[in-house]
Amino acid sequence: MQGNRKTDWLIRGVSGILFPALLLLLAVIPAQAGGQTGWKSALMVPGAQVLSSGTVKFTGCFTASNSGAKAWYRCSDQRRRHRVDWNTVWSRVHRNVNFRLNAPGFVYLIFTTHVDKNWPYDGGGATISKKEKNRKWKNVWLGPGLRYAMFRGNKLVSTGPYVNQPGPPALRYRIGKDGKIQFWEGIPRYGKGLYRITLTEAMFHNTNTANKTYHPCRIEYKLVFVPDKPIQSVTAASPSTPNTTQHATNGQISNTWIVNKAGNIYRLNSKMGWTHIPGKKAIDVGVGANGSVWIVGTSPVYGGYAIYRWMGDKFARVDGGAVRIDVDQNGLPWVVNSMNDIYRRVGNHWKRMPGKAVDIGIGANGSVWVIGIGRTPGGHGIWRWNGSNWDKVQGAAVRIDVDVAGNPWVVNDAGGIFKWNGKGWNRLPGLGTDITVGGGSEWVIGTNSVPGGHGIYRWNSRRRNWERIPGGAVAISAGGSPIPAAPIVHSARHSLKSGKYKAKVWVDGKLYNSTWSIKVENGNVTGLSKWPCCPSDPLRGKVTGNTIRIQRDCAGQGWNKGRIQTYTGTINGNLIQGTGTGTGLTGHKTTWTLLLNPEPGSHTVHGARFNLKSGRYKVETRVGGTLYNSNWTFLVHNGKFTGMSTWPCCPGPRTDAIKGKVTGNTVIIKRDCSGQGWNGGCIQTYTGKVKGNRIEGTAKGTGLSGYKTTWTLFLDSRTPLNFKQR
Numbered sequence: 000m001q002g003n004r005k006t007d008w009l010i011r012g013v014s015g016i017l018f019p020a021l022l023l024l025l026a027v028i029p030a031q032a033g034g035q036t037g038w039k040s041a042l043m044v045p046g047a048q049v050l051s052s053g054t055v056k057f058t059g060c061f062t063a064s065n066s067g068a069k070a071w072y073r074c075s076d077q078r079r080r081h082r083v084d085w086n087t088v089w090s091r092v093h094r095n096v097n098f099r100l101n102a103p104g105f106v107y108l109i110f111t112t113h114v115d116k117n118w119p120y121d122g123g124g125a126t127i128s129k130k131e132k133n134r135k136w137k138n139v140w141l142g143p144g145l146r147y148a149m150f151r152g153n154k155l156v157s158t159g160p161y162v163n164q165p166g167p168p169a170l171r172y173r174i175g176k177d178g179k180i181q182f183w184e185g186i187p188r189y190g191k192g193l194y195r196i197t198l199t200e201a202m203f204h205n206t207n208t209a210n211k212t213y214h215p216c217r218i219e220y221k222l223v224f225v226p227d228k229p230i231q232s233v234t235a236a237s238p239s240t241p242n243t244t245q246h247a248t249n250g251q252i253s254n255t256w257i258v259n260k261a262g263n264i265y266r267l268n269s270k271m272g273w274t275h276i277p278g279k280k281a282i283d284v285g286v287g288a289n290g291s292v293w294i295v296g297t298s299p300v301y302g303g304y305a306i307y308r309w310m311g312d313k314f315a316r317v318d319g320g321a322v323r324i325d326v327d328q329n330g331l332p333w334v335v336n337s338m339n340d341i342y343r344r345v346g347n348h349w350k351r352m353p354g355k356a357v358d359i360g361i362g363a364n365g366s367v368w369v370i371g372i373g374r375t376p377g378g379h380g381i382w383r384w385n386g387s388n389w390d391k392v393q394g395a396a397v398r399i400d401v402d403v404a405g406n407p408w409v410v411n412d413a414g415g416i417f418k419w420n421g422k423g424w425n426r427l428p429g430l431g432t433d434i435t436v437g438g439g440s441e442w443v444i445g446t447n448s449v450p451g452g453h454g455i456y457r458w459n460s461r462r463r464n465w466e467r468i469p470g471g472a473v474a475i476s477a478g479g480s481p482i483p484a485a486p487i488v489h490s491a492r493h494s495l496k497s498g499k500y501k502a503k504v505w506v507d508g509k510l511y512n513s514t515w516s517i518k519v520e521n522g523n524v525t526g527l528s529k530w531p532c533c534p535s536d537p538l539r540g541k542v543t544g545n546t547i548r549i550q551r552d553c554a555g556q557g558w559n560k561g562r563i564q565t566y567t568g569t570i571n572g573n574l575i576q577g578t579g580t581g582t583g584l585t586g587h588k589t590t591w592t593l594l595l596n597p598e599p600g601s602h603t604v605h606g607a608r609f610n611l612k613s614g615r616y617k618v619e620t621r622v623g624g625t626l627y628n629s630n631w632t633f634l635v636h637n638g639k640f641t642g643m644s645t646w647p648c649c650p651g652p653r654t655d656a657i658k659g660k661v662t663g664n665t666v667i668i669k670r671d672c673s674g675q676g677w678n679g680g681c682i683q684t685y686t687g688k689v690k691g692n693r694i695e696g697t698a699k700g701t702g703l704s705g706y707k708t709t710w711t712l713f714l715d716s717r718t719p720l721n722f723k724q725r
């Protein structure tokens with residue numbers, strides 16, 4: 000909401016007697032005073048902001064008796080007297096305040112102040128002199144206490160605790176830039192700061208005096224407007240079908256998918272518009288860091304609705320049922336079903352996890368967070384997976400997702416958006432109903448109704464605000480680039496240079512147990528493909544510009560023996576993506592992807608450099624896809640590794656030494672167990688490939704049960720230790 004935007008208010012009094020609307024926008028800021036003075040924090044109100052202007056309309060007449068004594072108040076426009084116990088005034092005012100808002104989720108601070116015109120005045124009800132009557136109004140004491148209330152539309156959602164009880168005149172309040180209510184120790188004066196709204200102007204009638212003189216005083220009810228700023232003012236509605244209008248972007252296009260209220264599925268395109276994905280409808284979508292896409296469909300099954308995986312050109316049904324879904328860094332989903340049970344995909348089956356949840360989010364580093372089922376102010380409790388169980392984290396929310404550093408972003412039941420900073424929650428501007436972070440961008444589904452659901456917004460980190468993207472949706476998820484999730488090299492040139500290549504193969508989005516060895520010379524392709532059924536099928540083909548065509552001769556081997564398969568694709572950096580046809584491919588086109596890694600000594604794909612820069616790194620370790628309680632720190636200098644690994648079995652100063660070497664994009668690290676723990680005296684060898692901020696490979700040695708163990712290192716240059724790439 001902009002500072003000059005008018006907000007329509009209606010405040011209804013307990014008596015129902017109307018009087019002309021009054022508006023007095025005065026403010027309380029500190030003046031110099033003796034003793035210790037200054038603003039002090041009192042209570043956090045997330046995202047608090049004070050408007051610079053506003054319009055207030057109110058009607059009503061409030062009366063009260065003080066501490067049971069016969070004290071009369073009367074409205075300035077009426078001569079009727081009304082008696083109400085003072086102790087009930089606050090609750091009556093609060094219960095009868097009715098707000099008409101133009102956006103949901105606003106927070107308001109409400110408190111009362113007793114204001115007298117002749118303070119201190121002569122006791123005993125002495126007649127007030129003309130001189131005394133001309134004195135200015137003066138704040139005397141803070142009323143029953145400062146409280147905040149949250150409204151959704153014009154409905155009261157929740158109220159906060161009282162900040163204080165009646166106190167000395169020196170106490171005054173304001174909202175700090177950090178969103179905290181602050182109080183001033185010292186003598187205040189009027190000026191810029193809080194708004195003061197006089198609801199009723201009354202005369203005090205002291206019935207204990209013989210002459211029944213009136214003492215001028217009044218009770219002021221101060222409403223401090225603290226709206227959570229809407230993501231963006233709602234103006235023209237968006238089209239029901241997301242369009243392809245081009246919008247500027249401040250970064251890489253993420254692999255972002257949405258679902259609208261009709262269940263239609265869309266994917267973000269390069270023009271910052273949306274491309275419809277036909278075939279299925281959904282209620283939720285999840286995208287992994289490696290680009291894998293899964294949806295919860297609309298077909299009812301036990302546990303919720305059917306689950307599907309995107310295969311590159313269609314959705315394939317997977318067993319099970321769910322209502323919420325997200326995808327880990329390995330492309331495997333975690334789901335919450337209609338009974339709030341949590342499951343993760345392991346191989347071809349589902350594994351039940353402890354606990355219950357209403358939503359789940361997974362980061363690119365494998366961190367898993369859930370929103371539990373226990374109600375708490377703000378929504379439900381927030382929990383983090385520690386590898387074996389869930390740890391409670393402060394706060395409450397209804398929707399969650401996790402960024403690449405493992406920090407959750409959440410939306411609470413009032414639409415507030417928050418980001419975890421490792422110790423607490425930082426409030427972001429705006430309101431939302433769903434949130435996603437991934438692929439280098441952050442998105443929310445807003446609260447403004449548009450055709451297709453609610454508005455879609457993308458975070459602009461430079462301007463620190465949300466930018467409207469065309470379309471409407473009810474669910475959203477963003478992740479890395481499509482499978483495979485290897486770094487995409489410079490693609491200004493789409494030719495494949497002469498040289499030798501090893502290639503991993505994906506078919507219909509699945510990594511196959513197949514290795515292709517390809518030799519490219521003057522545009523001609525020769526090589527072998529190795530499959531379990533066919534260990535040496537010859538390959539031949541041709542490169543024309545950025546197009547490649549390869550034929551695989553099954554060469555009398557396996558169940559495809561004597562057949563020819565044809566693969567046609569487009570070269571994009573170190574990726575070849577296309578379709579395959581032929582016997583054994585069921586007679587239809589099959590999507591396929593080759594990830595090319597140049598062999599040592601060979602020419603490289605244009606622009607591809609996979610080396611690890613010299614520098615210091617702090618590392619998060621995963622073995623077999625499981626996050627281990629292990630910290631590695633190492634230094635890379637001139638292609639050599641040195642460092643330490645700390646494991647629970649090998650603590651403190653007796654850490655395990657690691658050393659190794661970087662050759663191109665290949666890393667070999669040896670860990671010396673140094674006689675510690677149950678691996679005492681052993682040497683473990685880790686071999687892997689550098690891919691962006693990841694090193695992935697296999698490990699073998701004592702303590703690894705004699706077999707190769709997959710492992711991943713996530714290189715973090717943003718740690719408290721300030722390890723940085725140089």
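Per numbering that gives the first Met the number 0: the sequence shown = residues 0 to 725. Cβ coordinates follow ideal geometry from the N, Cα and C atoms, glycine included. Model, not experiment: these values are computed from the prediction.
Collapsed DSSP secondary structure at residue i in the structure displayed
| i | result |
| --- | --- |
| Gly303 | strand |
| Ser460 | coil |
| Asn523 | strand |
| Thr432 | coil |
| Gly423 | coil |
| Trp408 | strand |
| Ser476 | strand |
| Phe337 | For the record, residue 337 in the displayed sequence is Ser; it is not Phe. Looking at Ser337 - three-state DSSP - the assignment turns out to be coil, as it is neither helix nor strand. |
| Gln393 | strand |
| Lys658 | strand |
| Asn447 | strand |
| Leu634 | strand |
Identity of the residue in the options nearest residue i by Cα
| i | options | result |
| --- | --- | --- |
| Arg398 | Trp458, Ala474, Gly470 and Ser366 | Ala474 |
| Arg467 | Gly478, Glu441 and Gly479 | Glu441 |
| Arg670 | Gly380, Phe640 and Glu695 | Phe640 |
| Asn741 | Asn254, Asp312 and Thr565 | In the structure displayed, the chain extends from 0 to 725; residue 741 sits before or after that span and is not available. |
| Val295 | Trp273, Trp256, Asn385 and Asp312 | Trp256 |
| Gly452 | Val666, Thr665 and Asn259 | Asn259 |
| Thr435 | Gly394, Arg463, Gly362 and Gly415 | Gly362 |
| Asp340 | Gly346, Met352 and Asn347 | Met352 |
| Met310 | Thr297, Lys279 and Asn385 | Lys279 |
| Gln576 | Glu520, Asn523 and Val504 | Val504 |
Buried/exposed call for residue i, threshold 16 Cβ in 10 Å
| i | result |
| --- | --- |
| Asn388 | exposed |
| Arg460 | Strictly speaking, residue 460 in this sequence is Ser, with Arg absent from that position. Exposed, because fewer than 16 other Cβ atoms sit within 10 Å of the Cβ of Ser460. |
| Thr432 | buried |
| Pro332 | buried |
| Met338 | exposed |
| Asn420 | exposed |
| Ser535 | exposed |
| Tyr566 | buried |
| Asp327 | buried |
| Gly470 | buried |
| Val345 | exposed |
| His379 | buried |
C-beta atoms of residue i and residue j nearer than 8 Å
| i | j | result |
| --- | --- | --- |
| Ile547 | Ile570 | yes |
| Ile276 | Gly262 | no |
| Tyr304 | Arg316 | no |
| Ile667 | Phe633 | no |
| Gly638 | Trp631 | no |
| Asn464 | Val403 | no |
| Lys355 | Gly371 | yes |
| Ser516 | Lys501 | yes |
| Val322 | Asn336 | yes |
| Val401 | Trp382 | no |
| Gly696 | Thr684 | no |
| Gly285 | Trp293 | yes |
| Ile478 | Gly437 | Strictly speaking, residue 478 in this sequence is Gly, with Ile absent from that position. Taking 8 Å as the Cβ cut-off, Gly478 and Gly437 qualify as a contacting pair. |
| Leu430 | Phe417 | no |
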